[in-house]
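Numbering (the working numbering), first residue to last: 805 to 1125.
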Amino acid sequence: MKKSTIVWLVIAAALILAGGMTFGCAMTMINWDFAKLSTDKYETREYEITDEFQNISVLADTADVVFVPTEDTECRVVCYEQTNVSHEVAVKDGTLTVEVIDTRKWYEYIGFNFQTPKVTVYMPKGEYAALTIKTDTGDVSIPREFRFKSMDVSLSTGDVTCKASATEQLKIKTSTGDITLQDVSAGVLDLTVSTGKVKASRITCVGDISIKVSTGEAVLAGVTCQNLTSNGDTGDIDLIGVIASGGFSIVRSTGDVSFEGCDAAEILVTTSTGDVEGSLLSDKVFIVNTHTGEKDVPKTNTGGKCEITTSTGDIEISIER
């Protein structure tokens, strides 16, 4: 190696070390709070709601959306937002609307931003009509103190935590975010994720449940419904104490399917390389087929049909007595 090359390498290493030390000292002075490095300015705006409403519509961008129950009859919306990106809050035709207003020029998008906008809706706990939330990268949290006629939540990369119930349809769709439901009742439940996870526990559904995933995992525990349908690619699905008065219809590619103390009038499971295993609560007429995998199912000839088809996956089912 040439002497000049060695000199330049030493100089480069020294500059990198000096830069790292300067960055470390600067971050120590601000207690490693990256939010203080943001070039965008934020402020808090509060809106008092005096008009009555039954519907709620939130159309945000990158903001987290949080609902907080109050004991009084007053409602207010608090927005932590960029100074040049505000939210319009108003009651229109019986609907509380929160909508982002972004009038920035293209050059105003340039900069560093380590903070997250947030929309917090404080309203009396109780029953409401329709709830609609559409946002991109923000998270959504809806507590159990609220109950809606219908809910439609659509996100891109955000997580959704829902403990509120819906008498009719409860629909949640996200791309890379997770969906978490707990202690929820619904007329119809429709959940869709791409690479995120679905976790639902203690769910009572009068009608059907539909769960669509791509590479994400789905875990359902303590669920009752009429029919359960789930389609996915490489994601696993674990069913624990899931009871359907109608049927299970589960399709996976490389994902595994697991039952633990579950039951349905009829069961249809199709996978490619995924395994199918677990326990059911009542006898079934088993129709199983696997090309290269192993199979072990009870030799029962009563009950509803349980048809399981895999390519290279194993099939192992037992009946709990």
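Where is the CB? At the ideal position from N, CA and C, for every residue including glycine. Note that this is a predicted model, so its numbers are computed, not measured.
The beta carbons of K975 and D956 sit about 5 Å from each other, so the pair counts as a contact at 8 Å. Closest in C-alpha terms to R849, from the list Q886, L863, D855, comes Q886. The residue from V904, S1018, A1022, G1051 with its alpha-carbon nearest to that of E1111 is G1051.
T984 is not a Cβ neighbour of K953, given a cutoff of 8 Å.
Put simply, of G1036, A1069, S1018 the residue whose alpha carbon is nearest the alpha carbon of C1029 is A1069.
Counting of Cβ neighbours within 10 angstroms places R1125 among the exposed residues, the total staying below 16. When Cβ pairs closer than 8 Å are counted between the two stretches, the stretch 1103-1118 is seen to touch the stretch 1057-1073, the count reaching three or more. Within its own chain, the residues whose Cβ lies closer than 7 Å to the Cβ of T996, once the five positions on either side in sequence are excluded, are K977, K1016, listed in chain order.
Spatial neighbours of T1038 in its own chain (CB-CB distance under 7 Å, excluding positions within 5 residues in sequence) are listed in chain order as T1019, S1057, T1058, G1059.
Remark: C-beta atoms of S861 and T961 do not approach each other more closely than 8 Å. For I820, the number of other beta carbons within 10 angstroms of its own is below 16, and it is reported as exposed.
Linking E847 to H891 through their CA atoms gives a straight-line distance of about 12 Å.
The shortest CA-to-CA distance from T939 to any of G981, T874, C879, T1077 is the one to G981. K896 counts as exposed, since fewer than 16 other C-beta atoms from the protein chains shown sit within 10 angstroms of its C-beta. Ranked by Cα distance from L1085, the first of T1075, A1048, T1113, D1118 is A1048. When the beta-carbon positions are compared, L1043 and S1014 stay at least 8 Å from each other. For the stretch 964-997, the full-length beta strand (DSSP E) segments reaching 3 residues or more read 964-966, 969-977, 983-996 along the chain. The criterion of a C-beta distance shorter than 8 Å is not satisfied by T924 and F857.
For F871, the enclosing beta strand (DSSP E) covers residues 868-874.
Under DSSP, R880 forms a beta bridge with E852, Y926. According to the DSSP assignment, S1122 belongs to the beta strand (DSSP E) that extends over 1119-1123. For V881 against I853, the beta-carbon gap comes to about 7 Å, under 8 Å, which counts as contact.
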